[in-house]
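Worksheet for the structure shown next.
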Amino acid sequence: MDKLPRWADVVLVPLISLLMAAAISALVILAIGGDPVEAVKVMVTGALGSAYGWGYTLYYATSFIFTGLAVSVAYHAGQFNIGGEGQAQIGGLGVALVCLALPWPHWTIALPAAMIGAGLFGAAWAAIPAYLAAKRGSHIVITTIMFNYIAAALIVYLLVEVLRPAGQMDPATARFPAGAKLPTFGEIPGLSLFFSKNVPANVTFFVALAACWGVWLLLWRTRLGYQIRAYGKSEPAALYAGISPTRMIVVSMLISGGLAGMMAINNVMGEAERLLQNSAEGAGFIGIAVALMGRNHPIGVFLAALLFGFLYQGGAEMGLWTTIPIELRLLLQGLVILFTGALDNMVRMMLGVFFRAKAKEAA
Amino acid sequence: MDYATLLQILDSTLRLATPLLLACLAGLFSERAGIFDIGLEGKMLIAGMASGAAAALSGSVWIGLMAGIGASMMLAAIHGVASITFRGNQLISGVALNFVASGATVLIAQSLFGQGGRTPPLSGAARFNPIELPFAEAIKAVPFVGPFYADVLSGHSALVYAALLAVPITWWVLFRTRFGLRLRAVGENPESVDTAGVSVIRLRYTAVAITGLLCGLAGAYMATGLQAGFGREMTAGRGYIALAALIFAKWRPWYALWATLLFGFLQALALRPDVIERSFGLAIPVPALDALPYILTVIVLAGVVGRAIPPRAGGQPYVKER
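And the structure:
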């Protein structure tokens, strides 16, 4: 197979994958008797047509940036971390424990503490699969899937039996103290001119942007990042260069788990303000689609997270205002993962035919 | 725990283990041929929806079963195209198809029936009804063995017995036929199969098709046997438990039976917290029982109780030498 030009591989392959996923979704909408044009209109106005819509789109995008970065970092070390969902839920546990531990005076003090809690707990949840993969050769995909389910069961147990305040019926922790409340976009000077008070997007968005920059810095500007990427490209070469595979797997998975856990400051601390069951709501899995779509680069992850934030919020509006069920989001998400992650060779072959024809014309 | 209660629990163990067993054997064929399949869950789910819908529309459980198998095999075919023909990432393909299935099932069921993504409740000929094994009533009076035969073994739907029968058939096909030998070889060392002049591609597609068939049975059983109709996300992670059982069983058919019976037993226990409290003297939290199959699998993967070594060529696309 001929190599595509680099710009085509980076830009065209994800775009064409997205178009194909959208086309199939449109056919499905037609098949169930909906109107795809109407659906797109509702999605665009719902997600981007108002400050309220943007507030939700950016809120979802914030979560997806964290989980997308988590998948990307592990991917660069050749590890497929499918456990972002569990790591994000356990990260939520870390946030809840930190927020409930002290009567926090101000969010500027509570936020760094909660970030540490979220990161540590998320990393800890990735630590066992990482250790088993590095030392015992257990398949990381299977162990992280198992840990998603174990995390869900653990959270249910803790919420029902341990963390639920006396006299409360629903399985959730107590509400976090007022001092741990993160300012939403409606409360930030400047942004408040555009956003109203009741949007869920909050300061975590800026933490997510910083995380993008941090991951870029780590992977392409530090020795550790170089080692991670070298190990991911070729284990024998890395071994020959004196890079320890155990260390690379464990370190990359800890960073990955930490990033997935940090997502919890967005949804648990920034929005729900208490820990609920299934707090991650599938964002951990969307991280897979975001990382694949974003070609595992922080800038790509950021753009893909915005796109999925739009699809998520737009899909919710579509479920509300049209007869098309909200589950179309899941279908679209699955198709994007399929085309960008598993059928990418097919997309490349199709593009290859096109580029070869063009090369012939030029010659 | 008295004998009658034990029989009740064993009875539901058998019912709950059936979809796990079928899905586990499904995964066994695929992974033995070197194709990882995380998408068991999605195939079961779409088969459940298709069989529930077709049975509700036609009134015949057999048409439902065919529809379920067809839908599951369609997803299997996509997985095959992605991972065999286009040499894509098999894990990502499986994950993707699980999302496709969980979205598509609700969309289709909602547009067909408008009941919030469910299919209408099934009854009569639209469901697999219990089959009384011969002499169940006559033997029931025999102490100990009689009630076991009449209450645990007898009175299940046809697919339960089909699943149990699938175990020796799988063993025979894999270890006593030429096809089985080649299938195992293609999962361990595809080059050798290719050198012998046998098509790696065709073998792998066949394996993936069998996986689709068995997942179809599992899904159809969920919607038309275990329950009366399809409900959204009704498989509830069973595809992953089956995957866990497959590792637990170290990719062997008889061990798969014992592993799925064990996991089915845990599920049956989780439905009866009162029994646990009475027989163990303390309340084991239900989430702990839910998590136990996954914890056991991690322990097996860690190599604490014997090592689980997957087929050697698993997950790698085969590139023919030129």
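Those protein sequences? They're chains A and B, same order as listed. Quick note on this note's numbering: the first sequence kicks off at 47 and runs consecutively. Quick note on this note's numbering: the second sequence kicks off at 931 and runs consecutively. Quick reminder that beta carbons are idealized off the backbone N, C-alpha and C, glycines included. Keep in mind the model is a prediction, meaning the values are calculated, not measured.
Practice prompt. For B/G1033, return the contacting residues in chain A, with the cut-off set at a CB-CB distance below 8 Å.
Written response: E373, L374, R375, L376, L377, L378, Q379 and G380
Closest to A/T113 by CA distance: which of A/G303, A/V314 and A/M395 is it?
A/G303
For this session: Using 7 Å as the cut-off, classify the Cβ of A/G361 as near or not near the heavy atoms of the ligand HEM, replying yes or no.
Result: Ligands displayed in this structure: none; no statement on the ligand HEM is therefore possible.
Q) In this structure, does DSSP put B/T1015 in helix, strand or coil? A) Note: B/T1015 maps to helix in three-state DSSP.
Would you grab the beta carbon distance between B/L1021 and B/I968 for me? Rounded to a whole angstrom, and I think it's under 8 Å. 6 Å
(message) At the 8 Å Cβ level, is A/D390 part of the contact set with chain B, yes or no?
(response) yes
### Query
Does the beta carbon of B/F1193 sit closer than 8 Å to a beta carbon anywhere in chain A?
no
*asked:* Is B/A1012 close to chain A? Criterion is C-beta to C-beta, closer than 8 Å.
replied: Yes, because at least one Cβ of chain A sits closer than 8 Å to the Cβ of B/A1012.
**Prompt:** Are the CB atoms of B/L1052 and B/L1089 nearer to each other than 8 Å?
**Reply:** no
Q. When you compare each of A/G333, A/L366 and A/L374 to A/L352 by their alpha carbons, which one comes out closest?
A. In terms of CA proximity to A/L352, A/G333 leads the group A/G333, A/L366 and A/L374.
Q) Using a Cβ-Cβ cut-off of 8 Å (strictly less than) and excluding sequence neighbours within five positions of A/M161, which residues of its own chain qualify? A) Taken in chain order, the residues that qualify are V253, M308 and I311.
Query raised in the report: What does A/I136 touch in chain B if you count any residue whose Cβ is under 7 Å from its own?
Result: Residues of chain B passing the Cβ test: none, with the nearest at roughly 13 Å.
Original post:
Taking the C-alpha atoms as reference points, what is the distance between B/D932 and B/G1161?
Top reply: 34 Å
### Message
Just to confirm my understanding: we take A/A164, look at its own chain, exclude 5 residues before and 5 after, and list those with CB closer than 7 Å. What are they?
### Response
Apart from the 5 residues on each side of it in sequence, A/A164 sits with its Cβ closer than 7 Å to the Cβ of G137, G140, V141, G307, M308, A310 and I311 in its chain, given in chain order.
inquiry  = Just to confirm, is the Cβ distance from B/V1030 to A/L381 under 8 Å?
reply    = yes
* **Pairwise C-alpha distance: B/Y1079 and B/P1098** => 20 Å
Taking CB distances under 8 Å as the criterion, tell me whether A/T292 reaches chain B. no
Practice task
Return yes when the Cβ of B/L995 is within less than 8 Å of the Cβ of B/L1144, no when it is not.
Solution key: No, these two residues do not count as a Cβ contact at 8 Å.
*DSSP state of A/H46, grouped into three classes?*
The requested residue 46 of chain A is not part of the displayed model; chain A covers only 47 to 409.
Among A/G330, A/E373 and A/A220, the one whose alpha carbon lies nearest that of A/E319: That would be A/A220, whose Cα lies nearest to the Cα of A/E319.
Does any residue of chain A bring its CB to less than 8 Å from the CB of B/Y1091? no
Worksheet entry | Where A/T230 sits in the DSSP three-state scheme | strand
Where does A/N244 sit, in a helix, a strand or coil, going by DSSP? coil
query: Who does B/H1086 pair with in a DSSP beta bridge?
result: B/I1061
Note to self: Short of 7 Å Cβ to Cβ, which residues in the stretch 163-184 of chain A face chain B?
What the structure shows: Flagged, chain order: L178, R182 and S184.
Review point. From A/A405 to B/L1005, what does the alpha carbon distance come to, in whole angstroms?
Key: 37 Å
**Asked** At a Cβ threshold of 8 Å, is B/V1174 touching chain A?
**Response** The sequence given here places Ala at residue 1174 of chain B; Val does not occur at that position. True, the Cβ-Cβ gap to chain A drops below 8 Å.
Do you know offhand how far B/W992's Cα is from B/A984's? 9 Å
Establish whether the CB of A/E319 and some CB of chain B are separated by less than 8 Å.
Cβ-Cβ to chain B under 8 Å: no for A/E319.
Local conformation of B/L944 per DSSP, three classes: helix
Note to self: Mapping the DSSP letters down to three states, classify A/S109 as helix, strand or coil.
What the structure shows: helix
Buried/exposed call for A/D410, threshold 16 Cβ in 10 Å: With chain A running from 47 to 409 in the structure shown, residue 410 of chain A is simply not present.
I'd like the list of long-range same chain contacts for B/A1179, defined as Cβ closer than 6 Å, with 5 residues on each side in sequence excluded.
Y1185, A1186 and A1189
TODO: Report yes if the C-beta distance between B/G957 and B/A1172 is below 8 Å; otherwise report no.
DONE: yes
* Quick one, which residues of the stretch 100-127 of chain A are near chain E if we go by CB-CB under 9 Å, in chain order? -> This model lacks chain E altogether, as its protein chains are A and B.
Where A/V74 meets chain B, residues with beta-carbon distance less than 8 Å: A1034 and L1037
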